[in-house]
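Residue numbers (my numbering): -2 to 583.
Below: the structure, in structure tokens.
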């Protein structure tokens, strides 16, 4: 242990260990990126990013800001990839269809390149995590924080996909870190850096709007009656730097949209969400005031808020709710966090309650800074109607790891032997959570039943995001199966993979071979693709009768394959008759 501590005290040794962990994460993520089918939203993110490079416009799909899409598409500019020049569409999957048709042979290779761009962001986030944890707590804490980051199946699941969720987690960390530096050193340098990062976060995902109040709370927590801060700047100087920070942030946001539609008046918009609709009710004179934001940003934010305000079917523990569950994200953390992380977090909470003022486990101000984004994100997500997956609260993960990280600095095998061995033992079990690679999307911990039983608790992007269509294709080929009934929860058309299929019959059992995505199996309404690429709207639980049968094969935890015989049909009919007579089915 002493030799390891000595190694960590050297810059070369410290960064060698950090780099090794992040290289492992990158390689494992690359393996997943190569194996998994293009996932649900990912199917159109990359083509839309490429279209933005080609056309210089951002109105193909306003529901997400453009930064990460264009970042993911950047490697494609050095290839022969074509967008297919699709027309504007209300269905973003049309952009994915056009991209696939324009690049039939190499489209998966292009998605892998896009995924590598996100993996690179994950590595950068890990480096920042190491830097801040070392500054806050020490080198051992930094190593534990990065170990938690690199060994997390939930982080790997999103790092290996060309979506915005991993990136916004990194920008939350970067913004709060730079805000911490700015509050301690109110310089023009850190005002500039914080403003740039805050602006980049705004063009990553609309969730980043929460970062402004988080920065303000952080400023108050650091500077209020803090005797450690010796500098005394006049109020005007502080306001000037804050003003510069906000102006730079706004400039970056507008530059991300190439200033398109900036300063259009309110009267040029017709908003849908309840918050922005109020602007349309202002007096005519006020509606002439120009908005200092890009048109596509405002319209995208309005559309997202409108969607979030609508009812949406949410699944939790075999139950459905149209307005979401107040316990949804706490349950998601309970089911999808590795037990080692949960145990370490409880140890950290124990240390917080046992801490003494002269040797605080985490000083109060730092604790407030780390807890604020966690609580704010969890509270807002909890009261949302649109609860589709743990990925919506992915930005809390870096802060959870920072809360756990000081445990590494508490190791003392002489005075606290049991405690030290518990921390080491828990940390050493973390790699076990990666044993399901490349199926990190479907990870569930042991008490929840593992990924085999994940659909008892959560579906959608927690388990089934369309990632296993290639596995179905290979299974059908290996078993010489030519025709099946298929209900696939994904946006890529199965027919483009050479799969010949019909949709399964609804609410009636017919003998045959079937493949059903578990999200649909559990009753999620969905617009499924037909053989010709058109869509059919499946209502709630139209194929729920498949839950009665045991699948012959499970393909990557998200697709069940069935072979129903006439005897199975009779068994089902008998069970229904008995149920209708209030008898228990055998």
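By construction, the Cβ of each residue, glycine as well, lies at the ideal position given by its N, Cα and C atoms.
Per the Cβ contact rule, the stretch 321 to 341 is in contact with the stretch 372 to 384 (3 or more Cβ pairs under 8 Å). The beta strand (DSSP E) runs lying completely inside the stretch 466 to 523 and spanning 3 residues or more are 480 to 484, 497 to 499, 509 to 514, given in chain order. Residue 299 and residue 269 do touch by the CB rule: their CB atoms are close to 6 Å apart, below 8 Å. Where residue 533 is concerned, the enclosing beta strand (DSSP E) starts and stops at 532 to 535.
Boundaries of the beta strand (DSSP E) around residue 313: 311 to 313.
Just measuring C-alpha positions, the residue of 266, 223, 209 sitting nearest residue 240 is 209. Cβ neighbours of residue 314 within its own chain (closer than 6 Å, five residues either side excluded): 454. When DSSP states are grouped into helix, strand and coil, residue 554 belongs to the coil group. DSSP, reduced to helix, strand and coil, places residue 215 within a helical segment of the structure shown. For residue 578, the secondary structure class from DSSP, reduced to helix, strand or coil, is coil.
The three-state reading of DSSP puts residue 317 in strand, counting E and B together. The C-alpha of residue 91 is placed about 15 Å away from the C-alpha of residue 533. Within the stretch 329 to 414, complete alpha helix (DSSP H) segments of at least 4 residues are found at 336 to 351, 361 to 379, 393 to 401, given in chain order. Looking at 77, 477, 116, 292, the one whose alpha-carbon comes closest to that of residue 104 is 77.
Taking a cut-off of 8 Å for Cβ pairs, the stretch 24 to 38 and the stretch 262 to 278 do not touch, as fewer than three such pairs fall below it. Linking residue 415 to residue 497 through their CA atoms gives a straight-line distance of about 59 Å. In the DSSP assignment, residue 192 falls within the unbroken alpha helix (DSSP H) covering 185 to 199. Taking a C-beta distance under 8 Å as the contact criterion, residue 73 and residue 107 qualify as a contact pair. Its Cα nearest to that of residue 564, the residue 507 stands out among 513, 528, 519, 507.
Segment contact: the stretch 10 to 18 against the stretch 121 to 130, three or more CB-CB distances shorter than 8 Å; contact assigned. By the 16-neighbour rule on beta-carbons within 10 angstroms, residue 213 is exposed. Note that the C-beta distance between residue 378 and residue 312 is not below 8 Å. Between the stretch 388 to 398 and the stretch 158 to 170 there are three or more C-beta pairs closer than 8 Å, enough to call the two in contact. The stretch 514 to 525 and the stretch 552 to 563 touch, with three or more beta-carbon pairs separated by less than 8 Å. Relative to residue 521, the option among 569, 456, 350, 492 whose CA is nearest is 456. The alpha-carbon of residue 490 is positioned some 14 Å away from that of residue 482. In this structure the stretch 465 to 475 does not touch the stretch 42 to 53; the number of beta carbon pairs closer than 8 Å is below three. By the C-beta criterion, the stretch 355 to 372 is judged to be in contact with the stretch 395 to 413, since at least 3 inter-stretch pairs fall below 8 Å.
Every alpha helix (DSSP H) of 4 residues or more that sits fully in the stretch 77 to 109 is shown, in chain order, as 90 to 99. For residue 230, no alpha helix (DSSP H) run applies, since DSSP gives it neither H nor E. When secondary structure is reduced to three states using DSSP, residue 525 falls in the strand class. Take residue 185, set aside five residues on each side of it, and the residues of its chain with a beta-carbon closer than 8 Å to its own are 238, 241, in chain order. Shown here, residue 287 sits in a strand according to DSSP, grouped into three states. Residue environment for residue 410: exposed (fewer than 16 other C-beta atoms within 10 angstroms of its C-beta). Residue 40 carries a helical assignment under DSSP once its states are collapsed to helix, strand and coil. About 7 Å separates the CB atoms of residue 25 and residue 431; that is less than 8 Å, so the two are in contact.
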